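Chains S and B supply the protein sequences, listed in that same order. Just so it is clear: in the first sequence, position 201 is 201 by the numbering used here, and no numbers are missing. To convert, take the position in the second sequence, counting from 1, and add 1000; that gives the numbering used here. All C-beta atoms in this analysis are idealised placements derived from N, C-alpha and C, irrespective of residue type, glycine included. All of these numbers come straight from a predicted model, not from anything done at the bench. One structure is given here, and the rest of the page talks about it.
There are 2 protein chains.
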Amino acid sequence: MREKELEFEAVQENAWERRPEFFALNPAGEVPVLLEPDGTVISGGYAIMEYLEEAYRDNNKRYIGSSISERAEVRRIIDWFDRKFDAEVTQLILFEKVFKRLMRCGEPQSDAIRAGKKNILSHLDYIGFLTAESHYLVGEAMTLADIAASAHLSALDYLGDVPWEHNANAKEWYALMKSRPSIRAVLIDRVPSFRPPKHYEDPDF
Amino acid sequence: MREKELEFEAVQENAWERRPEFFALNPAGEVPVLLEPDGTVISGGYAIMEYLEEAYRDNNKRYIGSSISERAEVRRIIDWFDRKFDAEVTQLILFEKVFKRLMRCGEPQSDAIRAGKKNILSHLDYIGFLTAESHYLVGEAMTLADIAASAHLSALDYLGDVPWEHNANAKEWYALMKSRPSIRAVLIDRVPSFRPPKHYEDPDF
């Protein structure tokens, strides 16, 4: 939404508290949920991304690819990060280290964290492969694929759990993402009682 | 694709065998993958569904909703079934009962199957709620939301694990889906060494 220069207010929802008012908006009880001024409610990352591309297409800022096959590739990569990377890395590290503490549901499992840290390496190599001959994950323009990947990686980087030295291309791509004003605005956000490493905000890390 | 009257050949891929030739098509090593005659490769349900709607739009058979807000609702429901229902029901029952045997990776966990059978009840109620005042999950026309839901439910129904008597509206909706030629073609398919219950193919079940 920042890339599209759409004004919005971010509201924190602790979905695990299962507030009835929140379930009334989204019966799945999950974030993200988008509320439009006219009362329209759009639930879930998939529906929200496609909605924003369809509803705000006239401002010449499109992020889902310009041809049919490019859009298919953007969607393949979004799915890679929001489903595959999420299951193989994010859930194993972020859930164990952060959400368990926030939700007060037990101690982090070190074997899960170890598996996540091992799994992230091949994903960094895949990013490196995709960006070896282009600036972004799908061609020369930034797309929702880059945003989906950066969302996962910035959350893990906040915990110091992305070994950037593992792949130089991947690191260069993320430096490019960090230099975008839309991403910089995300990087100043903080989670109470968790402090990110020094390099977290720095585009020249 | 049958609803759009597109000709295709279905090819079985046992993704767990991790064939290098299949990874060359889809680096995620997962089904579904769509191969076009011109060599275009589209990977993953999300990319394939959107691709088919974009590439074959001129034949007046569209299944993703006619307005922006209807499309957002169709995508919300697709996500509900392909992510939430999948994790809460399909993975617990189908993975334990069928895939473990096909993949030869251990015995079914009865507590997982029990949890899946409990979880399916609220999903049947949700289908019943959505179809209480319309024929399909999103309005009066069949969409990809109905197809996604039917894909999960037909796989579970094959195992006799859908208690249709739990919700009359849900049962009525599924009877409507079963009467469509595109779904009937799916229901004649068989998995070797698993036999479906008598009502499986019957639209008047």
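Please confirm if residue i has its CB atom under 8 Å from at least one CB of chain B.
i             : result
residue 80(S) : yes
residue 15(S) : no
residue 54(S) : yes
Which of helix, strand or coil does DSSP assign to residue i?
i               : result
residue 1176(B) : helix
residue 64(S)   : coil
residue 1139(B) : strand
residue 169(S)  : helix
residue 91(S)   : helix
residue 1004(B) : coil
residue 159(S)  : coil
residue 188(S)  : coil
residue 1011(B) : coil
residue 128(S)  : helix
residue 1205(B) : coil
residue 1083(B) : helix
residue 1106(B) : coil
residue 1133(B) : coil
residue 1193(B) : coil
residue 1101(B) : helix
residue 19(S)   : coil
For residue i and chain S, any beta-carbon pair shorter than 8 Å?
i               : result
residue 1180(B) : no
residue 1047(B) : yes
residue 1084(B) : yes
residue 1200(B) : no
residue 1044(B) : yes
So which residues of chain S does residue i contact, with C-beta pairs closer than 7 Å?
i               : result
residue 1069(B) : 40
List, in order along the chain, the chain B residues whose C-beta lies closer than 9 Å to that of residue i?
i             : result
residue 51(S) : 1068, 1069, 1071, 1072 and 1075
Starting from residue i, find everything on chain B with Cβ-Cβ shorter than 8 Å and list it in chain order.
i             : result
residue 27(S) : 1126
Return the Cβ separation of residue i and residue j in integer angstroms, given the expectation that the two are a contact with Cβ distance under 8 Å.
i               : j               : result
residue 92(S)   : residue 68(S)   : Contact flag wrong, Cβ pair sits at about 35 Å.
residue 1173(B) : residue 1131(B) : 4 Å
residue 106(S)  : residue 167(S)  : About 33 Å separates the two Cβ atoms, so there is no contact after all.
Spell out whether any CB of chain A is found under 8 Å from the CB atom of residue i.
i               : result
residue 1155(B) : Among the protein chains of the structure shown, namely S and B, there is no chain A.
Taking only runs of the alpha helix (DSSP H) that begin and end inside the region 22-62 of chain S, which ones reach a length of at least 4 residues, in chain order?
Runs of alpha helix (DSSP H) with 4 or more residues, each lying fully within the region 22-62 of chain S, are found at 45-55, listed in chain order.
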